[in-house]
């Protein structure tokens, strides 16, 4: 097999690659950071690259001709997943195809908990006997029996590996030593001298698109470091289904996805450790949340049955495994605690949402919506909580939207349209020239288009006389940013198809809210508190969300943007054994509603497809606005 | 490094070896089966080999000249530990230098126990739900919740690795599956179909000189296979101290000894599996006993402090470790349970002795002696048990005895001397021509020599006119077998030095008995039951043992030869969780007496050095015999 050098611009990375592999393969394996949403199948058309001299590339394929205009092909555009290497090449990755630093919401709302971590260190300096001929007390008995005298720790056991070094460590420290106890049952570290002040844990949220974590001092419960990273699995598909399909193609793929999740976690552990001066071996426990698919891919659990009816998860209960077994770079005898799931599409991250918002303890009637590719909705309070999963799809993440993109630099994230002249004001992430539109931006655009009468409640374009409406192949598009303003030398527009995608996505979430509220026999007037959770949720304009009909018409003052409550929940579980018990109880207590099996589901979905909704009686504030302004 | 072929006769083994290595090195590493008691230091002189053509060997060393007569050197005798290889050689290993099949006592006395093993299999065929859209029950919940309904198993957890295959196995068996539960806590196997009848355990006794084991059907408690093997560590020293010293020379050595113990265990597991048609993966748990040193070497625990005052063991409590961690070839998620020790020189094997004889539950006053390199003595009953360790040394195993050898083919094991003419009748193991004397034989010889007046109570030779007493370098020796009768072309004799060694060894054990009996304020008349345990113990002639003063003067009908009670105890613990609790309790309840710290120890030892004892009042039956016959 011949190997060639491929140079990636503007980063200037030089990577060596086997002849015959695609540019996307090289990028995935060696990290050149090219976007891919379909996992390299030629479906999404997002891995656009520019190669001026194509003499060392394969011919332009039919698939590429479907995604690229003849003019683009003339200018050297290719799809990285289709162009394979026959020799050294120079590849330019345009900004819209770059995976770059994201706007990630790490912090979230959190409930106060009593500090009672699962890992504790105890110094033994004044506790141990010195053996004599009269009292030749065995080293393990010396430690365990004396520990019983000064603590409530009974029937402790040493992790086997520590027994090997026990006699030497005891004498190295001259009978001063520190034990690390896991779950009041097992001694997982044994160190000479007093190290009791150095005991840390790590809470992780494995999101479909990002992995974020907190490094926590278990003596104080304080966050001392933070890490966050794009989920490296993203190279094998942006949405869950692509990754599950990839995993099913073979054991190696499944293993690769598991390794990528592990590597991602190890990367953020390293970040947080470097930030705080903590050694990774001082971390003794991880708590992990994620949706059921991420949970399964991280643990290497078979995911095949998760997307076949009746959508049965392999594992629902919490999982405890050795950090070493999972290749997590913390103390080798450290432990990983993965919080329980609720159902096939309501994962441990949703349990985290509930823990962090505390809705299971409130008297008030609550609505909790975690907006994401797989949205989760909860309705209820301490009496009862019902939940469902809403397959919103990745439209809010920019997938299937012509100029959609993730919340990275250059994404349009805020949009306002002037009612009369349809002029547009927008803001981009990082303030740079726009390259696309991210989730909060697209919600704004569609809501504003409806508000200004550019589109109807069915998502059809009204016949208006404005240069902002252009036609491509006869189909109308609304220009959000003119070619001259952008960094991609094209108009950034929202097409009728984009509006449809957003309608479908918002309908999925709205249907979840509506079905659950009906189940609980409450209306939007009965909701005392609404929580919008999710890393992306925090950037949504609540007015736009209501105008679009993404959420019910609840007064803005009752809405709390809760941020990354999944991670906050994981952190609570990290510092409190009691929270774990609660999580376990919640995972069984919360009543899961399978929307597909609900009689009213289909008709509700059809009604929810309208903007904001079929029946404006449910949207009094919108109704009032429309009556006053149209 | 040049490599040469060395051929070992009479086995006909051809082994390749590096130039410069000794013949013993080759034998140790490649298994040619040459004895070595000092571990290859040129001290024991037991690794005698014959090489006729020595042109490819190193010159005869000074050390060899000390151990070999000039005539032997002329005939080609060498010490394998000193002769190093410079080219291809033909080595003859004479029978006295061969490690060969031993007469091993495997079975032992055993107490009946209620079957309640730590590992159980449960078939789930009529227990599981079939998931539906209305009840999309997660696979783990399906198993665990339904198990709770049909058993008393609560809060079970799956071993992490099994979660990975759970969904597939469940569907492969079409909702018929079998779980294997460890300690009512953890699921360690999950198989499609009904495998509930196939669940096995293995009980092991790691002796200093041999490793023996039982394969047990955990559904019935029956032994279905047996394995036994020379402890492969023996190549690094026959006694414990040689091995501990070897282990201390470096981490690699320690690791090598641990690996050898593991290999030995794996070998006997394989034997027992082949005998019984059991697959090694059907074995889910091992129970292990051994003296404290074997326990430590098997587990890789630091042994340095075990032979330095105050003789502190690193670990006394039971040890539980994964079979995989310890490289034991059974089910990879199987578990190893090592029984607790009592003290630095009273190990888990002694706990096994007590369990199997049941002396901790008897009303009668008991004496239990486990005769071995490290003897253990117990005195007491259910009210109280005291114990001590007696450093008898390896004389009873044939070490430090001129013609001493282990209980292998050709060893003289029974001896009678005619009172008047001192003619000798003997029996050998396997009935072949004698090559040496093993433990039971040497006890017989010395006892008979005393009985016939050949030696005094101090072990000195009386001046008798008989051809059976010959002199070597002026020192008297008693001829047990004439040159013509033997297979070694030499007289097999017992020297005054041999008698001294036996006196020291028996004094050690007798002192243990005497000190403990004094501690308990009992005399030989108060002993209701005496148990002689140990693989070697069963072959001792009780009359000889009393004449020698190895054990107190207890009527023979009160003496039980209990056999390998250590292994029997391990088996009891394998099939009963209750026995493990008892073992744990015993390890703390039994009162250990450190002989060195006892005020009367030294004078008792001096008295015990006489045959049978300083004061014949304690030996009424011997006293009577002597009065009548001398």
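Protein chains in written order, with our numbering: chain A, 881 to 1510; chain B, 881 to 1510.
Here a beta-carbon is modelled for each residue, glycine too, at the ideal position from N, C-alpha and C.
Its Cα nearest to that of residue 1326(B), the residue 1386(B) stands out among 1386(B), 1274(B), 1343(B). Three or more beta-carbon pairs separated by less than 8 Å are not found between the segment 1225-1242 of chain B and the segment 1078-1089 of chain A, which leaves the two stretches without contact. In summary, no residue of the segment 1261-1274 of chain A has a CB separated from any CB of chain B by less than 9 Å. When 1296(B), 1265(B), 1102(B), 1362(B) are compared, the shortest CA-CA separation from residue 1393(B) is found for 1265(B).
The Cβ atoms of residue 1256(B) and residue 1391(B) do not sit closer than 8 Å to each other. Interface annotation, residue 1182(A): in contact with chain B, CB-CB separation under 8 Å. One finds 1018, 1020, 1021, 1024, 1037, 1038 in chain A with Cβ atoms closer than 9 Å to the Cβ of residue 1197(B), taken in chain order.
Burial state of residue 1092(B) is buried, judged by a 10 Å Cβ sphere holding 16 or more other Cβ atoms. Contact of residue 1008(A) with chain B is not assigned, every C-beta pair being separated by 8 Å or more.
Pairing residue 1102(A) with residue 1396(B), the inter-Cα distance amounts to about 59 Å.
Per the DSSP secondary-structure output, residue 1356(A) pairs in a beta bridge with 1351(A). Following the DSSP letters along the chain, one finds residue 1246(A) inside the beta strand (DSSP E) bounded by residues 1246-1250. Taking C-beta atoms as the reference points, residue 1475(A) and residue 1268(A) count as a pair closer than 8 Å.
When Cβ-Cβ separations below 8 Å define contact, residue 1476(A) makes contact with chain B. Listed along chain B are 1016, each with a C-beta nearer than 7 Å to that of residue 1224(A). Annotation: residue 964(B) to residue 900(B) spans about 5 Å, alpha carbon to alpha carbon.
In the structure shown, residue 1072(B) adopts extended strand secondary structure according to DSSP, grouped into three states.
Here residue 1338(B) is exposed. Its C-beta has fewer than 16 other C-beta atoms within 10 Å.
For residue 1184(B), the closest alpha carbon among the candidates 1047(A), 1311(A), 1336(A) is that of 1047(A). The beta carbons of residue 1199(B) and residue 1019(A) sit no closer together than 8 Å. The segment 1371-1380 of chain A makes contact with the segment 1279-1290 of chain A; the number of CB pairs closer than 8 Å reaches 3 or more. Across the structure, residue 1058(A) and residue 1206(B) are spaced so that their CA atoms are roughly 26 Å apart.
Between residue 976(A) and residue 1316(A) the beta-carbon gap is near 6 Å, inside 8 Å, which marks them as a contact. Cβ atoms of residue 1332(A) and residue 1356(A) stay farther apart than 8 Å, at about 14 Å. With the criterion set as a beta carbon lying under 8 Å from some beta carbon of chain A, the members of the segment 1042-1058 of chain B are 1043, 1044, 1045, 1046, 1047, 1048, 1051, in sequence order. Contact between residue 1039(B) and residue 887(B) is ruled out by a C-beta separation of about 49 Å, above the 8 Å threshold. Taking the beta carbon of residue 1013(B) as reference, the chain A residues within 7 Å of it are 1189, 1190, 1474, 1476, 1477, listed in sequence order. Look at residue 1067(B): its C-beta is not under 8 Å from any C-beta on chain A. Taking the CA atoms as reference points, residue 1443(B) sits about 32 Å from residue 1043(A). In chain order, 1057 place their CB closer than 6 Å to the CB of residue 1004(B), counting only its own chain and leaving out the 5 sequence neighbours on each side. Comparing alpha carbon positions, the residue from 1150(B), 1242(B), 1002(B), 1089(B) closest to residue 1026(B) is 1002(B).
Close to residue 1205(A), with beta-carbon spacing below 8 Å, are these residues of chain B in chain order: 1040, 1041. For residue 1294(B), no alpha helix (DSSP H) run applies; the uninterrupted beta strand (DSSP E) run containing it begins and ends at 1291-1297, by DSSP. Around residue 1179(A), the beta-carbon contacts reaching into chain B at under 9 Å are 1040, 1043, 1044. Taken atom to atom, the span from the alpha-carbon of residue 1274(A) to that of residue 1051(A) is near 59 Å. DSSP places residue 1490(B) in the coil class of the three-state scheme, outside both helix and strand.
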